[in-house]
Amino acid sequence: MRNNINGDNINVIMATDCGSTTTKSILIQKIDGEYRLTHRGEAPTTVEAPFEDVTRGVLNAIMELEELSGRTILKGEDIKSPATGDDGVDIYISTSSAGGGLQMMVGGVVKSMTGESAQRAALGAGAIVMDVLASNDGRLYHEKVKRIRQLRPDMILLSGGIDGGTVSHVVELAEVLEAANPRPRLGINYKLPVIYAGNNKAQDAIQERLGEITDLTVVDNIRPTLEEENLQPSRDRIHDLFMEHVMAQAPGYKKLMEWTDAPIMPTPGAVGEIIQKIAKQDDISVVGVDIGGATTDVFSVFEGQFNRTVSANLGMSYSICNVLAEAGIPNVARWVPYEMNEKGLTNRIANKMIRPTTIPQSLEALKIEQAIAREAMRLSFEQHKEFAVNLKGIQQKRTISDAFEQSSSGRTLVNLMELDLLVGSGGVLSHAPRREQATRMLVDAFLPEGITRLAVDSIFMMPQLGVLSTVHEKAAVEVFEKDCLIQLGSCVAPVGKFKEGQVMLTYEINLLNECITGEIVAGEMKLIQAEYVGCSATFKPGNGLDLGKGKNEPIQTKIYGGLVGILLDGRGRQPFTIPSNMSTRVRKLWEWSDATNEYPAEEK
Amino acid sequence: MAQSYTPGLKVLANTSSQKIRQLPLKGEVLVEVGDKVNADTVVASTHIPGNVQMLNVARQLNVEAEAVPDCMLVKIDENIEKGQIIAESKGLFGYFKNQLKSPIDGTLANVSNITGQALLSEPPIAIEVDAFSAGTIKEILPDEGVIVNSNGALVQGILGIGGESHGEIAVLVKSRDEIISKALINESHAGKIVIAGAYLPLDVFTHAQALGVNGIVVGGFDYDALSSILGFNLGVAVTGSEDLGISLMLTEGFGEIEMAEGTFNLFKQFDGKFASINGSTQIRAGVIRPEVMIPHTEDIESTELKESDMIICEGSPVRVIRAPYFGKVGEVVSLPAPLVKMESETMVRVAEVEFETGDVVTIPRANLEMILH
Numbered sequence: 000m001r002n003n004i005n006g007d008n009i010n011v012i013m014a015t016d017c018g019s020t021t022t023k024s025i026l027i028q029k030i031d032g033e034y035r036l037t038h039r040g041e042a043p044t045t046v047e048a049p050f051e052d053v054t055r056g057v058l059n060a061i062m063e064l065e066e067l068s069g070r071t072i073l074k075g076e077d078i079k080s081p082a083t084g085d086d087g088v089d090i091y092i093s094t095s096s097a098g099g100g101l102q103m104m105v106g107g108v109v110k111s112m113t114g115e116s117a118q119r120a121a122l123g124a125g126a127i128v129m130d131v132l133a134s135n136d137g138r139l140y141h142e143k144v145k146r147i148r149q150l151r152p153d154m155i156l157l158s159g160g161i162d163g164g165t166v167s168h169v170v171e172l173a174e175v176l177e178a179a180n181p182r183p184r185l186g187i188n189y190k191l192p193v194i195y196a197g198n199n200k201a202q203d204a205i206q207e208r209l210g211e212i213t214d215l216t217v218v219d220n221i222r223p224t225l226e227e228e229n230l231q232p233s234r235d236r237i238h239d240l241f242m243e244h245v246m247a248q249a250p251g252y253k254k255l256m257e258w259t260d261a262p263i264m265p266t267p268g269a270v271g272e273i274i275q276k277i278a279k280q281d282d283i284s285v286v287g288v289d290i291g292g293a294t295t296d297v298f299s300v301f302e303g304q305f306n307r308t309v310s311a312n313l314g315m316s317y318s319i320c321n322v323l324a325e326a327g328i329p330n331v332a333r334w335v336p337y338e339m340n341e342k343g344l345t346n347r348i349a350n351k352m353i354r355p356t357t358i359p360q361s362l363e364a365l366k367i368e369q370a371i372a373r374e375a376m377r378l379s380f381e382q383h384k385e386f387a388v389n390l391k392g393i394q395q396k397r398t399i400s401d402a403f404e405q406s407s408s409g410r411t412l413v414n415l416m417e418l419d420l421l422v423g424s425g426g427v428l429s430h431a432p433r434r435e436q437a438t439r440m441l442v443d444a445f446l447p448e449g450i451t452r453l454a455v456d457s458i459f460m461m462p463q464l465g466v467l468s469t470v471h472e473k474a475a476v477e478v479f480e481k482d483c484l485i486q487l488g489s490c491v492a493p494v495g496k497f498k499e500g501q502v503m504l505t506y507e508i509n510l511l512n513e514c515i516t517g518e519i520v521a522g523e524m525k526l527i528q529a530e531y532v533g534c535s536a537t538f539k540p541g542n543g544l545d546l547g548k549g550k551n552e553p554i555q556t557k558i559y560g561g562l563v564g565i566l567l568d569g570r571g572r573q574p575f576t577i578p579s580n581m582s583t584r585v586r587k588l589w590e591w592s593d594a595t596n597e598y599p600a601e602e603k
Numbered sequence: 000m001a002q003s004y005t006p007g008l009k010v011l012a013n014t015s016s017q018k019i020r021q022l023p024l025k026g027e028v029l030v031e032v033g034d035k036v037n038a039d040t041v042v043a044s045t046h047i048p049g050n051v052q053m054l055n056v057a058r059q060l061n062v063e064a065e066a067v068p069d070c071m072l073v074k075i076d077e078n079i080e081k082g083q084i085i086a087e088s089k090g091l092f093g094y095f096k097n098q099l100k101s102p103i104d105g106t107l108a109n110v111s112n113i114t115g116q117a118l119l120s121e122p123p124i125a126i127e128v129d130a131f132s133a134g135t136i137k138e139i140l141p142d143e144g145v146i147v148n149s150n151g152a153l154v155q156g157i158l159g160i161g162g163e164s165h166g167e168i169a170v171l172v173k174s175r176d177e178i179i180s181k182a183l184i185n186e187s188h189a190g191k192i193v194i195a196g197a198y199l200p201l202d203v204f205t206h207a208q209a210l211g212v213n214g215i216v217v218g219g220f221d222y223d224a225l226s227s228i229l230g231f232n233l234g235v236a237v238t239g240s241e242d243l244g245i246s247l248m249l250t251e252g253f254g255e256i257e258m259a260e261g262t263f264n265l266f267k268q269f270d271g272k273f274a275s276i277n278g279s280t281q282i283r284a285g286v287i288r289p290e291v292m293i294p295h296t297e298d299i300e301s302t303e304l305k306e307s308d309m310i311i312c313e314g315s316p317v318r319v320i321r322a323p324y325f326g327k328v329g330e331v332v333s334l335p336a337p338l339v340k341m342e343s344e345t346m347v348r349v350a351e352v353e354f355e356t357g358d359v360v361t362i363p364r365a366n367l368e369m370i371l372h
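As you go down the protein sequences, you meet chains A and B in turn.
No gaps in the numbering here: position 10 of the first sequence is 9 in numbering that gives the first Met the number 0, and each next residue is one more.
No gaps in the numbering here: position 11 of the second sequence is 10 in numbering that gives the first Met the number 0, and each next residue is one more.
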């Protein structure tokens, strides 16, 4: 790692994101005093044989940048730095989720209390939580031991007990770890990193049991009192250990770490940084999704509280068959506007799993991939809603009764009617050939209610900007606002029970040059072309329906269009239904596609 | 000349393969550098800890947790037998003692004065690692295993199931596009590795399994048939631990897809030879592809692949790995630099590929696989 970052003299920045399938590179240059994205490149990630070296994919992605920009960045396999004329770059940074990302196990005494806190700490640091070990998880001792040996996590976070409380339960968990004597996933010769963030009174006993056989570090208790959650020390330590141990063991990462000017960040951690910045800057509630090849991450900020979940096996390539298995074939097929033979559909999807870097060449293949993306995001969002319950957050104060309430079930913080902005990122959204497709995928998967703004990461660069914001905030913010976030428009969707043929919504929208009025009936979608400027509008929900102000209450508001426009969705929410009859369903899908300019015309 | 990196599966008639044969835990290496080994030669062995059981001594003896170590009648790591009295309370004036018997044969692994529990471990389980393929020991990994060097033919598949096995190669179809039938497999194929053509129906797989066939290599198989064999839908391509008694390797993918010509011809060339098959697959970081290794009995100079062999450029032999030309083989005629719009409207880097029929088509570079032979 070179340490020559000087804010004033930075003119050329290069960033890469090593995903599980593709390595993306971007080039940012200072033009007329402003940082702008100028070029992007990509190449298949090369953690697989025959290369087994992530830097090959990085070099290929940089070579694409060179080809497209005419700039000479590499000298052999070295990155030229600093930039001079048409040569070199001033900063090089990278994020990574290749190699399966950071895979952790966490432990806590009570599954729904310290277990959940530990899980939140790990997820917030960008990890995939493989399992939560708890004294009350219902598994027998030997089953826990077997599970740890089998999973071979990259790291374990052990918590349990409040400071000064009973030590026996958390020590018992440490004894389970001791008996399992776990081996790390990568690298046979190093000790497994274990972070202890539990009862401070048990620190000596934990040291005694795990000090020799693991690489143990002790940090402040994640739950020092029943009413307090203190996640940051554990998260910081997870980041450090990710760099020191996990990345250093992955194929080629030692070399990559030497090339970068800032520590390599796990991709989800970097995206989380950006989502939180958007919510804070505009004081709004945000849901973000990053759909990748192996995992789908969902981020949300509601009531000022940030939550992140990762659905470890819901992705578009490596785990595409798991989406099929979890969602079921009928749920995927309901988005495909063709009559498809089930065997043909499953074989096609399975072929993507075994050749994960391929891309859809035909329109039919694209539609199938986008159908799966809808289901992957829908399932991930379901998981997120269950996890993002109140009482979470850093240093949040609660009463004792609140704390016990949590152990039963918390209230979800996710309220779609309150949602201001839905942001999508990830290859299938960012690289969708038409922005209308990204809009439809987001709306169909998340089913936003009332009035919601929609945006997409233009070329899938939120991860790179997330890490850039930690070393050069000005450049990150400028590029994010001007080149990264594409404002797609808004979705208007009334909520409540309705009858067939019923008017769902009447509207009056004052665009720059004209006033558009009309109505939407049940099962209809309409797209109104409108730019990204605030237009005054009046929406009146149909009988018994709600747009956010209560049943039958009209709304006068300012609505934003965007690259796609204002999408009026009369398909209903709570319930949202798609016709079960095949021919009606296919007909409706074509109708919705045509109304939203989703796909090029083809024979039906 | 324009070039592009792309993944590829090895189909090599004469190569040198180095296999790391490693124990899951540290243990004993049983061979030395230079030793000649057969496929079934055990090269390293160890014992993994047996299953553990927890015994709540404090509760059963009705004593405080901190008193438990003093109540134990056996030492840590000492062998114990089922029914043996392993702990005893001090009682009152030497009377009214409570006793605790071991529920298992094994050893006393740990005693905790905080939780008051004793950890009993069942006898260790022996783990042995064999050489997988005949060859020479190239390197010793102290306490962990060895690297075996094997010279022979190597065929990598795209996905497999089942672990490692051995047997004679038996090519049972006449051509690479033939669909194998039950009638072609009989008792004489027990213990062999059967080579099928374009497709393996599920009933033929179960027939072969019942007859004791050790392995099957085929172009394509159905995903739902795979689910039925495994008993679940394979969500992520991580396989190898299935206990099926047979290994299956797909060379092309799911569906009915004729086996690549080079692959089929290579199996025909080595029909009747002894081979090793490994169905284990992990399509993730540190990818593991299934493979068949056919060792050469005599030492032959092998040609190694260089990194440059794995770069697609004009003239490279490639296979298309996605619809609409899935499975077709051709030669790259050009690699244009500008992005090109596909039917799906996706803008991609492409290659112009000429098929054997003389047709030249435009295909995304990401949908091509190098043919490495």
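Using N, Cα and C, we set each Cβ at its ideal position, and we do this for glycine too.
Note that the structure is a prediction, hence the values are computed from the model and not measured.
Cβ-based neighbour list, residue i, same chain, cut-off 8 Å, excluding 5 preceding and 5 following
i: G82 of chain B; result: K100, S101
i: S44 of chain B; result: L22, G26, E27, L29, A125, I126, E127, V128
i: E167 of chain B; result: G190, K191, I192, G271, K272, F273, A274
i: R208 of chain A; result: V170, A173, E174, L176, E177
i: Y317 of chain A; result: S19, T20, G292, A293, M352, P355
i: E33 of chain A; result: E477, K481
Coarse secondary structure for residue i, derived from DSSP in three states
i: H430 of chain A; result: coil
i: H238 of chain A; result: helix
i: H38 of chain A; result: strand
i: A364 of chain A; result: helix
i: K557 of chain A; result: strand
i: I276 of chain B; result: strand
i: M460 of chain A; result: coil
Cβ separation of residue i and residue j, assumed to be a contact under 8 Å, to the nearest whole Å
i: L107 of chain B; j: V73 of chain B; result: 5 Å
i: L566 of chain A; j: G517 of chain A; result: Between G517 of chain A and L566 of chain A the Cβ distance is about 14 Å, and since that is not below 8 Å, they are no contact.
i: P232 of chain A; j: D214 of chain A; result: Not quite, the Cβ-Cβ distance comes to about 17 Å (not below 8 Å), so this is no contact.
Sequence-distant residues of the same chain with beta carbon closer than 7 Å to residue i, five excluded per side
i: T556 of chain A; result: I450, A536
i: I515 of chain A; result: I508, I527
i: D482 of chain A; result: R35, L36, S457
i: F263 of chain B; result: R175
i: T205 of chain B; result: none
i: S343 of chain B; result: none
i: T114 of chain B; result: A64
i: S180 of chain B; result: V203
i: P48 of chain B; result: S120, P123
i: A121 of chain A; result: M103, V105, V128, L156, I237
Proximal residues of chain D, C-beta to C-beta of residue i below 8 Å
i: V335 of chain A; result: The structure shown contains no chain D; its protein chains are A and B.
Residues near residue i in its chain [Cβ-Cβ closer than 6 Å; skip 5 each side]
i: A278 of chain A; result: V285, V300
Counterpart residues of residue i in DSSP-defined beta bridges
i: P43 of chain A; result: A:T21
i: K617 of chain A; result: Because chain A spans 0 through 603 in this model, residue 617 of chain A falls outside it and cannot be assessed.
i: V331 of chain A; result: In DSSP, V331 of chain A forms no bridge with anything.
Worksheet item: What residues from the region 204–227 of chain A come within 9 Å of chain B, judged by C-beta to C-beta, listed N to C?
Response: Across the region 204–227 of chain A, CB contacts with chain B closer than 9 Å involve A204, R208, in sequence order along the chain.
Worksheet entry | Members of the region 143–171 of chain B that neighbour chain A once the beta carbon cut-off is set at 8 Å | E143, I157, L158
Discussion item. By the 7 Å beta-carbon criterion, what residues does the region 356–367 of chain A contribute toward chain B?
Written reply: T356, T357, I358, P359, Q360, S361, L362, A364, L365
Fill in: Residues in the region 52–69 of chain B having any Cβ partner in chain A nearer than 9 Å
Of all residues in the region 52–69 of chain B, Q52, M53, A64 have a Cβ within less than 9 Å of some Cβ in chain A.
Practice prompt. Using a Cβ-Cβ cut-off of less than 9 Å, give me the residues of the region 178–201 of chain B that come near chain A, in sequence order.
Written response: none
Worksheet item: Just by C-beta distance, which residues in the region 219–238 of chain B are closer than 7 Å to chain A?
Response: D221, Y222, D223, N232, L233, G234, V235, A236
Item to complete: Using a Cβ-Cβ cut-off of less than 7 Å, list which residues of the region 159–176 of chain A approach chain B; keep chain order.
Response: V166, S167, V170, E171, E174
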